[in-house]
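Chains as they are written, first to last, in this note's numbering: chain P, 1 to 345; chain R, 1001 to 1345.
Glycine included, C-beta positions come from ideal geometry on N, C-alpha and C.
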DNA sequence: TTGAAAGCGCTAACAA
DNA sequence: TTGTTAGCGCTTTCAA
């Protein structure tokens, strides 16, 4: 690759010091009392040589890379890529760029990624953590490393986070199913089982049942391992649908489960919602076009990314020592479509 | 934020030079003949102080950031986020991390992003370019800046690229429609109109018509501006469907058009494929779950990202002076489903 | 109105 | 077997 032009090259060409050039380029020219003439000359040569500042060098000197790290389970997942986009935009507005990494919900991998991002001197971290062992999060906090959790939070640690009201979302959805006269509602959740939104959604489901005096049958709550959805979901669905359980409705706790699950239901020849009602969490585009259209709990995805960056920026500005950590809980919205069967009655 | 421990801290604590420490850490210890004892000691202190190398500093020194830049139209688009994921994985395998940016098909923005990435000293660039004016690409080439184009290529410039055989894909799809007895086929393309895959797809469509002696009616080819799909697609569809044109089939040239278009068709009360057959380019997950399921041209998306990184790595290793630029054209696959109507007859 | 020098944290050539 | 020195490109303090 061609040698790039540096501050020094410009300085030499003009017979001035690089200090001067640096000042001019950073618009400290006037304030430092550098003559208009000299400033003009500098800009001209900058133009001529097509000078581009080396942000790595500047970052090293300034101790700030103007980069933030984003860790999600999988960037190719629509939910996370939408977040990634809004993070990108908000960050860029504030002069930051972002480096993303996918953890695949794998704890060790996530820890490695966090460290990689730290070594790369990112100024802050936005993470949808899969960590069960929260030592790493605690360490970040102790080190006053600026970070914001999204989607998931750690109940026992005071951190910044931006999440949605998962409990309430699942509660409302379950309420709706019950109103539709479904009392035997199967729940498909994902593991690892500690991920906070899932825990909260299960909680919301249970609360609704209890409110209506419906016994919570643990057999109706089934767990599918992340990364093995396709292999295991059929078995689990059949357990729910056949005697003795025979559920009337199925609540998928995230979009991946719903997608895989509905395919299986179709293959089994079951009609939705006539034979079994179906609802999901995460309102993705697919749900409004699939057959039937899927009733689901919608999250304000863009808002999550936007808020997260906003908070992260504050935290960075305060050197990771923000006194009152910001804990944002955004509300969800019930999107009623065909799959729950409420339009039938 | 807490002060991080540096090489110097370790060196001081041990009373040795940082050179020595650096050598040990980079596993040049044996080769440089540093005693096992000393090496052990170094590692111990590294452990104690929880030392993390500063990759920014190393990058500055080595003139290589081990970072690659990825520019796409929109990271939240499923097509691009899937590419992003495979780029991430292949890059990481080779010791690189990636910084992504979305251009929104905007030329000026893309140029700015390229420059930003250069300033950030990325070692190479993977870009799905929207550039009509290819000066910037030419410049990259002249500078021997390592880069690989994906999805789109510049016909007049010899560069590395990884694309799919768009012409052939659209040709096969059109052939299929004709075999299904559809002779009046409307085409919905996207603008900016110079984007190579779109141009090639239109070409494939025309070739197929010609082969069958069907006159190419320009009125059947309609252009929708990127970013204004929702606002304009209804009008365009109506033009196609109503007299005098009255098409029997519609070929959407990308997934966004198809999604928006099908919604409109449903709203108009048209049955697919009975009233109008529908096919699309880009086989996204949605198409296998939508109603009806959508026949489409599938691209080997993961392969695109993987190949691109592979080639970029070679180019980087050769300092951007790779003699024979690699030009990969991957083949597409026709995925037949319900929307084209071929299962009806 | 300008410049010299120091230093961010790291590696590599060259000494010792 | 280990250390000295220089320098990547930049900003900033202090001096002129």
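First through last residue of the beta strand (DSSP E) which encompasses residue 168 of chain P: Taken as a continuous stretch (DSSP letters only), residue 168 of chain P belongs to no beta strand (DSSP E), being part of the alpha helix (DSSP H) at 166 to 179.
Residue 152 of chain P burial status per 10 Å Cβ neighbour count (16 or more: buried): buried
For residue 97 of chain P, three-class secondary structure by DSSP: Residue 97 of chain P falls in the strand class under three-state DSSP.
Anticipated Cβ contact below 8 Å, residue 1122 of chain R with residue 1099 of chain R, distance rounded: 7 Å
Residues of the region 1275 to 1286 of chain R with Cβ closer than 8 Å to any Cβ of chain P, in chain order: 1285, 1286
Proximity of residue 1103 of chain R and residue 1117 of chain R at Cβ, strictly below 8 Å: no
Limits of the beta strand (DSSP E) - the one that residue 1223 of chain R falls within: 1221 to 1225
is_contact[residue 1 of chain P, chain R] using C-beta, thresh 8 Å: yes
Stretch pair the region 1058 to 1075 of chain R + the region 1274 to 1292 of chain R: three plus CB contacts closer than 8 Å: Too few Cβ pairs lie closer than 8 Å, so no.
Proximity test, Cβ basis, 8 Å: residue 296 of chain P and chain R: no
Local conformation of residue 1007 of chain R per DSSP, three classes: helix
Inter-residue spacing [alpha-carbon to alpha-carbon] between residue 1323 of chain R and residue 1226 of chain R: 36 Å
Neighbour flag for residue 1145 of chain R against chain P, beta carbons, 8 Å: yes
Every unbroken alpha helix (DSSP H) inside the region 203 to 258 of chain P [4 residues or more]: For the region 203 to 258 of chain P, whole alpha helix (DSSP H) runs of length 4 or above, ordered along the chain, are 229 to 241.
Contact list for the region 251 to 273 of chain P against chain R, Cβ threshold 8 Å: 259, 262, 263
Cβ-based contacts, 7 Å cut-off: residues of the region 1071 to 1090 of chain R near chain P: 1074, 1075, 1076, 1078, 1081, 1082, 1084, 1085, 1088
Inter-residue Cα distance where the pair is residue 211 of chain P and residue 187 of chain P: 17 Å
Buried versus exposed call for residue 1159 of chain R [16 or more other C-beta atoms within 10 Å across all chains shown]: buried
Residue closest to residue 1167 of chain R, alpha-carbon to alpha-carbon, out of R:1242, R:1208, R:1244: R:1208
Buried or exposed by the 16-neighbour rule on C-beta atoms within 10 Å, applied to residue 331 of chain P: exposed
For residue 1280 of chain R: DSSP bridge partner residues: The partner list for residue 1280 of chain R (beta bridge, DSSP) reads R:1252, R:1296.
For residue 67 of chain P: DSSP bridge partner residues: P:97
Three-way DSSP call (helix, strand, coil) for residue 1321 of chain R in this model: It is coil, neither helix nor strand.
Selection of the region 1099 to 1115 of chain R by Cβ proximity to chain P, strictly under 8 Å: Within the region 1099 to 1115 of chain R, the residues whose Cβ lies closer than 8 Å to any Cβ of chain P are, in chain order, 1099, 1100, 1101, 1102, 1115.
Residue-chain proximity (residue 119 of chain P, chain R), Cβ-Cβ < 8 Å: Chain R contact via Cβ: present.
Option nearest residue 218 of chain P by Cα separation, candidates P:233, P:245, P:305: P:245
Residue 1336 of chain R, DSSP secondary structure in three states: coil
Residue burial classification, residue 1313 of chain R (beta-carbon count within 10 angstroms, cutoff 16): buried
Per DSSP, the bridge partner or partners of residue 1190 of chain R: R:1224
Option in P:243, P:2, P:55, P:79 with minimal Cα separation from residue 1120 of chain R: Of the listed residues, the one whose Cα sits closest to residue 1120 of chain R is P:55.
Environment of residue 1255 of chain R [buried if 16+ CB atoms lie within 10 Å]: buried
First and last residue of the uninterrupted alpha helix (DSSP H) at residue 1114 of chain R: 1107 to 1119 is the extent of the alpha helix (DSSP H) around residue 1114 of chain R.
Residue 1235 of chain R classed as buried or exposed, judged by whether at least 16 other C-beta atoms fall within 10 angstroms: The residue in question, residue 1235 of chain R, is exposed, as its Cβ has fewer than 16 Cβ neighbours within 10 Å.
Exposure label - residue 297 of chain P; buried when at least 16 CB within 10 Å: buried
Per-residue DSSP class, three states only, for residue 1017 of chain R: Reduced to three states, the DSSP call for residue 1017 of chain R is coil.
Residue 1029 of chain R burial status per 10 Å Cβ neighbour count (16 or more: buried): buried
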